[in-house]
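Notes to accompany the following structure.
Residue numbers (our numbering): 7 to 152.
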């Protein structure tokens, strides 16, 4: 899922989360790699320096969507065309990522964030069968974010 940008520094470029829905089991979970604590001393300063720890959180979809609706932010969904075995592997990988010893990671704005974490787990469940378009030549990170 792609969440619209917000006004807070940590939300300026939007957010990504993975929704895992299994209608047969009545399950509808959101795996959210964007959880952090505002109680961390000097959070904004550490965020800008790339020294914040984020973690994977899991919540029911209605709660996740409701939190964005309360802020007036949109949530867009992209449906993945996965086989049954790929869906099972995705679920297994997400549950493995949620183990206490795996859920915390050092956030990096460009290289390790909610979007790269979602991408990586999807690539692992489909054995890397993703074709990416060519990147734009000669653009710096600064060019990309401005």
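For every residue, glycine included, the Cβ atom is placed at its ideal position computed from N, Cα and C.
Less than 9 Å divides the Cβ of residue 110 from the Cβ of residue 59. Put simply, the backbone Cα of residue 17 is about 19 Å away from that of residue 64. Ranked by Cα distance from residue 97, the first of 143, 69, 131, 106 is 131. Two segments are said to touch when three or more pairs of C-beta atoms, one from each, lie closer than 8 Å; by this definition the segment 67-84 does not touch the segment 49-56. Under the DSSP assignment, residue 103 falls in the alpha helix (DSSP H) whose first and last residues are 90-103. Between residue 82 and residue 37, the gap from beta carbon to beta carbon reaches 9 Å or more.
For residue 140, there is no enclosing beta strand (DSSP E), since its DSSP letter is neither H nor E. Looking only at 90, 146, 22, the smallest Cα-Cα distance to residue 74 is reached by 22.
Positions of the beta strand (DSSP E) runs, each at least 3 residues long and wholly inside the segment 11-95, are given as 24-28, 33-41, 59-66 in order along the chain.
At a Cβ-Cβ threshold of 9 Å, residue 100 and residue 26 count as neighbours. Residue pairing from DSSP places residue 111 in a beta bridge opposite 60.
Between residue 32 and the set 62, 66, 57, the nearest pair of CA atoms involves 66.
Going by DSSP, residue 126 is part of the alpha helix (DSSP H) stretching over 120-131.
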